[in-house]
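According to the numbering used here, the sequence shown holds residues 186 to 325 in order.
Think of the CB as a built atom: it goes at the ideal place given N, C-alpha and C, for glycine as much as any other residue.
Heads up, the thing below is written out as structure tokens.
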Amino acid sequence: MRVQDAMTKNATYIPAAMTLDDAARKMRELNSGFLPIADANEKKLQGVVTDRDIVLRAVAEGLDPARTSVEEVKSDAVLFCFQDDDVEKAARHMHDQQIYRLVVLDDSKHKHLCGVITLGDIAREHDAATVGKTAAGIAA
186 MRVQDAMTKN
196 ATYIPAAMTL
206 DDAARKMREL
216 NSGFLPIADA
226 NEKKLQGVVT
236 DRDIVLRAVA
246 EGLDPARTSV
256 EEVKSDAVLF
266 CFQDDDVEKA
276 ARHMHDQQIY
286 RLVVLDDSKH
296 KHLCGVITLG
306 DIAREHDAAT
316 VGKTAAGIAA
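Take a look at the structure:
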């Protein structure tokens, strides 16, 4: 099975200029602690911001969330896979990096954001052994 068959397509993304206040509200609205940051015209991935980034890199440092952009606290080192990768390869990547989600890019040439795949997505579409092994590796 390919990543594109299990991923969440058309994932919500935000612009780098969005304030942390607005990003936090978007996270609440989506019930997610993670938002990809991308250029609106080309969906070119620029990073990700997590609820943890907001707390540790902004609030704990005394930055004003109403005046601080996600650009200032985002994670630049984004872990990703490609939509035509095998789901088991994506699961191994999650296991090895101890993460629950990966940004999905269209291909290695364009690298446009096309979705997100989570351990939950894999659980819905794949066998229990793969999911259990991945979850155990993440929690280790």
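Taking a 10 Å sphere around the C-beta of residue 271, we find fewer than 16 other C-beta atoms and assign the residue as exposed. Within a 10 Å sphere around the beta-carbon of residue 220 sit 16 or more other beta-carbons, which makes this residue buried.
Counting only residues of its own chain and dropping the five nearest sequence neighbours on each side, residue 208 has a CB closer than 8 Å to the CB of 199, 220, 234, 239, 255. In terms of Cβ geometry, residue 242 and residue 258 form a close pair [threshold 9 Å]. Per DSSP, residue 231 is one residue of the beta strand (DSSP E) stretching across 230-235.
Under the three-state reduction of DSSP output, residue 218 falls in the coil class, being neither helix nor strand. For residue 272, the enclosing alpha helix (DSSP H) has its first and last residue at 272-282.
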